[in-house]
Each structure stands twice: as C-alpha cells, then as structure tokens.
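Student: First the structure, which I've put down as structure tokens, then a few questions once you've had a look.
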Amino acid sequence: GAGVSQSPSNKVTEKGKDVELRCDPISGHTALYWYRQRLGQGLEFLIYFQGNSAPDKSGLPSDRFSAERTGESVSTLTIQRTQQEDSAVYLCASSFDQNAYEQYFGPGTRLTVT
Amino acid sequence: GQNIDQPTEMTATEGAIVQINCTYQTSGFNGLFWYQQHAGEAPTFLSYNVLDGLEEKGRFSSFLSRSKGYSYLLLKELQMKDSASYLCAVSRGSTLGRLYFGRGTQLTVWP
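Below, the structure is given as structure tokens:
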C-alpha cells in the first residue's frame, strides 16, 4: 500500500507570509506526528494526533504554528507570518496507534523562508 | 528536557563492524529507538528497546542499559549502502509516540 505522502515537496516563501503543509498518513493509522528538522539538528517533535483525542501540541515552538487533522486522515500544518528561522524540513509520520513502536515517515517538505 | 548525545560522525570500511553509541538523560523513559536516514530521504525504523539487553535483527543489533542511560547500535558486515545518518531517539511518558531525537551520527562506509 501507499506510504505517508507530503505536499509540497519544496516551498519557498517570503518572510511574513503564511504557509500550509499537507500530510496524508497511511490508511488505518490512527496516530499522526509532525517533526521539524533544521540543518544540522535532530528531529524536533512538534505535535501529534491520536484518533479523536485532543492533540498533544506541547512541541509547537510558538503560536504562529498550528495543525489540524480531519478524522483519521489528512493533516495540515500551518505556519503564520513565517520567519527565517522557520526554514527546515517538516516531516510527518504515522503509526498504527500511539503505542505502536514503529513510525513511518513521509519524504518531508523543505521550507525555505527568504 | 531530554539530553540525547551521540557522535556526530563515524567512518568505517566495508565488511567491518561499527558501534554507534547513544547516551540519554530523561524522566519517564519508556523506550529507545534507532532510525536510519539516508541523505535526502525519510527516516526508517531500525529497532526498539525497552528492556535491558541486546536485540538482534540480521546485521543490526541494538543494546540498552536503562540504569546507565546508554544504548548502542551495532552494524556488522558493513556495506556501502549503510552510509547514512543513524538517529537515536527516546520516548517518555504513557505512550511511545512522542519521540525525542538526538542529532544523528553520520556514518560513512569506505570501500
């Protein structure tokens, strides 16, 4: 079956603009995660969704970042008023549920803020 | 917070054995993970340890000592395709989902 997909693969935006990143998880996976990978840094947890439970937003770096998920499918990560420090690869992952030890990652969206 | 330390870079030759170490400090620990990430690609799962000891899976093995906050990934019979970044991560709390990653160890395998 299809893996995790993300779009766009690359996004260049001007400082101050809003961007929306999309993630399609593996069908049937109830848990969905967003991570950020800055150049030379480790993956940084941002947010995760588990079924219909309230999302764990504790990793979001500021109130400019928000994410939504429609049921147990598509998720969008929105960054408002982008800053240059937001430049990174944004990775989405999904797993069968929040207690499954294997997360399946998408290819990521490379965001460049100029 | 979590302190996860691993070497930045390592090199080895084809056919050799390499051990990548990872140390961590975290409260509520409930699992240690290793992922492999080739340049420009998504991370892929390698192993999960929650109990002390060695877990073997083909050419790759992972070890955990919870009391020492220490893990290692052992790669045997190295191949060129093993050149990649190896990411150590821990989970804490009541679920396995939220992972905290180290910066990764870039392994280069030479012929």
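Protein chains in written order, with my numbering: chain A, 1 to 114; chain B, 1001 to 1111. Where is the CB? At the ideal position from N, CA and C, for every residue including glycine.
#1: Can the beta-carbon of N1030(B) be found less than 8 Å from the beta-carbon of L1096(B)?
#2: Under 8 Å between the Cβ atoms of R36(A) and R64(A)?
#3: Quick check: is the beta carbon of S95(A) nearer than 8 Å to any beta carbon in chain B?
#4: Between the segment 8–24 of chain A and the segment 1078–1093 of chain B, can you find at least three pairs of beta-carbon atoms closer than 8 Å?
#5: Taking N99(A) as the query, report the chain B residues whose CB atoms sit under 8 Å from its CB, ordered along the chain.
#6: Got a sec: is the Cβ-Cβ distance from G968(B) to anything in chain A below 8 Å?
#7: Which of the three DSSP states is assigned to Q1037(B) in this structure?
#8: Determine the chain B residues that contact L91(A) at a beta-carbon separation under 8 Å, and present them in chain order.
#9: On a Cα-Cα basis, can you pick out the residue from G1104(B), A1084(B), R1092(B) and G1093(B) that is closest to W1110(B)?
#10: Considering only the beta carbon of each residue, do L32(A) and S75(A) sit closer than 8 Å?
#11: Tell me N1021(B)'s beta-bridge partners as DSSP assigns them.
#12: How about the segment 82–89 of chain A and the segment 1067–1074 of chain B: do they share at least three Cβ pairs that are nearer than 8 Å?
Tutor: Concretely, from the data shown:
#1: yes
#2: no
#3: yes
#4: no
#5: T1095, L1096 and G1097
#6: This structure gives no information on residue 968(B), because the portion of chain B shown stretches from 1001 to 1111.
#7: strand
#8: A1042 and P1043
#9: A1084(B)
#10: yes
#11: Y1072(B)
#12: no
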